[in-house]
Amino acid sequence: MFVAPMRTGGLEAPLQNDNYIFEPQLDGQRLILSMEVGHVRLYSAHGFDLTSLYPELHLMPVADGEDVVLDAVLAVVDPATGRLDREQLARRYRLKKRMDIREASIRCPVHCFVFDILRYKGEDIRDWPLERRKALLDEALTDNRHYSRMPYLEGEGAALFETMGRSGLQGLVAKDKRSPYRSGTSEGWLTILHYRYLDVKIAGYRKNQFGWLVEHGAKWRDVVSESVPLPYRQAFYGVAKLIVTGEDKDFVYVRPEIEARLRYVKQLADGSPVQPEFVSFVV
1 MFVAPMRTGG LEAPLQNDNY IFEPQLDGQR LILSMEVGHV RLYSAHGFDL TSLYPELHLM
61 PVADGEDVVL DAVLAVVDPA TGRLDREQLA RRYRLKKRMD IREASIRCPV HCFVFDILRY
121 KGEDIRDWPL ERRKALLDEA LTDNRHYSRM PYLEGEGAAL FETMGRSGLQ GLVAKDKRSP
181 YRSGTSEGWL TILHYRYLDV KIAGYRKNQF GWLVEHGAKW RDVVSESVPL PYRQAFYGVA
241 KLIVTGEDKD FVYVRPEIEA RLRYVKQLAD GSPVQPEFVS FVV
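In full-length UniProt numbering, the protein residues as written are 1 to 283.
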């Protein structure tokens, strides 16, 4: 049984509020899990059946094998570091052959962090307040090597936010304890992102569409095209035409004299930013 997931409705929330619980924002894949008459089905956030991809999740540790629908985040945990490995999770998702999937479930197993329960013993409980659903989840689900309940704190988001930042996680999800579960976007759940910042040199720009070629030392180079306001673009082009060094079919290159500050949430295993956004020039 698929239930369309509830999604966060904002990007800011109070870090100290007794009406909220705070959960870590994990870099994983949203998963809706359903068990009916002992048969487990796994669905993506868009309703695609993923049951065959993750055989290690087919034994759901729910009390008495009751019919249930759960909401969760799927992740791969690196056993050497304890950190989440988004790249390994992406590799698991792309597997097609049954033997490859079976081998990967042993060699690189996924872990399911369950944070909500939507149906139990045949009863739809989405109208229950979150606080009550959490209490039921604690009773219904037993943690094991493939399943665990998502950790959370009540009212103390600031401390968890700092811990998440030091651990390299994305941030927090703040959830109103009184909120029912509503499919689609809801203001009852809010995201608090933990941004990292990076100063880069602008080494060129695209010819055919907007985009700055940026670099950070000799290790990283990318094109930034998101969240750059028009006045900043105009200011850059006014200076760039004076420091052009060459061009090819895709880019015009400039002396790397202009610095920009970027922000990002996600990064690859080698530390490279994922989808960085422009913040400002560095002056």
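Idealized CB from N, CA, C, for every residue including glycine.
*Could you tell me which residues DSSP puts in a beta bridge with glutamate 259?*
Lys201, Val282
*Nearest-angstrom Cα distance between phenylalanine 2 and leucine 42?*
8 Å
*Going by DSSP, name the residue or residues bridged to threonine 191.*
Val173
*Contact under 8 Å by Cβ, alanine 269 with tyrosine 20*: no
*Flag this pair as touching only if the region 130-142 and the region 62-71 have three or more C-beta atom pairs under 8 Å; answer yes or no.*
yes
*Whose C-beta lies closer than 7 Å to the C-beta of glutamate 257 among residues of the same chain, with five residues either side of it excluded?*
Ile243
*When we look at the beta-carbon of alanine 240 and count the other beta-carbons within 10 Å, is it buried (16 or more) or exposed?*
buried
_The beta strand (DSSP E) that contains arginine 126, what's its start and end?_
Careful: arginine 126 lies outside any beta strand (DSSP E) and carries neither H nor E.
*List in chain order: all unbroken alpha helix (DSSP H) runs of 4+ residues lying wholly within the region 52-125.*
86-94, 98-107
*Is it right to say isoleucine 117 is buried, meaning 16 or more other beta carbons lie within 10 angstroms of its own, or is it exposed?*
buried
*Beta carbon of tyrosine 205, beta carbon of leucine 198: below 8 Å?*
no
*Grouping DSSP H, G and I as helix and E and B as strand, with all else coil, what is proline 24?*
strand
*asked:* Taking the beta strand (DSSP E) that glycine 246 belongs to, which residues open and close that run?
replied: 244-247
*Does DSSP put phenylalanine 266 in a helix, a strand or coil?*
A quick correction: the sequence has lysine, not phenylalanine, at residue 266. Three-state result, lysine 266: strand.
*Compute the distance between the beta-carbons of valine 282 and glutamate 247, then report whether it is under 8 Å.*
no
*For glutamine 25 and leucine 74, the rounded distance between their alpha carbons*: 12 Å
*Where the alpha helix (DSSP H) through glutamine 234 begins and ends*: 230-240
_Contacts around glutamate 87, its chain only, beta-carbon distance under 8 Å, and the 5 residues preceding and following it disregarded_ = Leu268, Ala269
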